[in-house]
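Asker: Okay, so the sequence shown: first residue is 70 according to this note's numbering, each after it adds one. Every residue, glycine too, gets a C-beta built ideally from N, C-alpha and C. Before I ask anything, here is the structure I am working with.
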Amino acid sequence: MNKILLIDDDVELTAMLKEFLCMEGFDVTTANDGITGAQLALSNQFNLAVLDVMMPKMNGIETLGIIRKSSHIPIIMLTARGDEADRFFGLELGADDYVPKPCTPRELTARIRAILRRTQPNQGSANIENELTIGDLTIWPEQRRVELKGNTVNLTSTEYNLLEVLAKNAGQVVSKKELSQQGMGKALARFDRSIDVHMSSIRQKIGTLHDGRDCIQTVYRMGYQLIKAQPAKQS
């Protein structure tokens, strides 16, 4: 059973969401402030956390920053509808997705399931996928592990999902619509720039090719492309 952590100071809302998620088969724990929520999130007991932005003692953005220093637990941010600044800041700090408030329990449940499907290995699969090697980048899909020139690249669950989609289509342009659907499990909404924010973060983590070009190229009005390059020559 997947264990979900709800961090929100709205006691009535968390109680309602907990009841619904429990009916959907999740094991749910709640925290009503950021300090307690961060401590629980760092305990390695949970498969995913849902984190509200506006909270007492320590707000959601500060809480996210503390969690991301030590943990890659998938995190969905709850943000005020229309508050783009908090959304972008949360994504830049490593949130995997966001849901505008007020939201329905069914919508939140769908987002949780979409992320869990992409972060957990397929236990029923008897075949171990081969590694993907693109230039200096190596990806092990079964382990959800990425290395660049032999060094581990620490990605959030959504960053990994998006990079894997690009890697499986290396050398080809992948549209934002496809990236959103395959990498985030949701349709691309109009004016949604979350893909761009995630791509910016991935670029910072995997750097440039040995010839100075970005590993991930933006193709204007089309999408993104992972450059299919040869590994750097050893001197």
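Do serine 249 and isoleucine 271 have their beta-carbon atoms positioned less than 8 Å apart in this structure?
Answerer: no
Asker: Between the Cα of alanine 118 and the Cα atoms of Asp96, Met127 and Arg156, which residue gives the shortest distance?
Answerer: Asp96
Asker: So what does isoleucine 145 bridge to, in DSSP terms?
Answerer: Val119 and Asp166
Asker: Going by DSSP, what residues sit across from threonine 173 in a beta bridge?
Answerer: Answer by DSSP bridge pairing: none, since threonine 173 is not bridged.
Asker: I'd like the list of long-range same chain contacts for isoleucine 76, defined as Cβ closer than 6 Å, with 5 residues on each side in sequence excluded.
Answerer: Ala100, Gly106 and Leu120
Asker: Quick check on DSSP: helix, strand or coil for aspartate 79?
Answerer: coil
Asker: Give the secondary structure of valine 234 by DSSP, where H, G and I count as helix, E and B as strand, and everything else as coil.
Answerer: helix
Asker: Let's see if you can read the secondary structure: which residues bound the alpha helix (DSSP H) around threonine 132?
Answerer: Bounds of the alpha helix (DSSP H) holding threonine 132 are 129 to 139.
Asker: Of the residues Asp166, Arg137, Lys138 and Glu131, which one's Cα is nearest the Cα of leucine 147?
Answerer: Asp166
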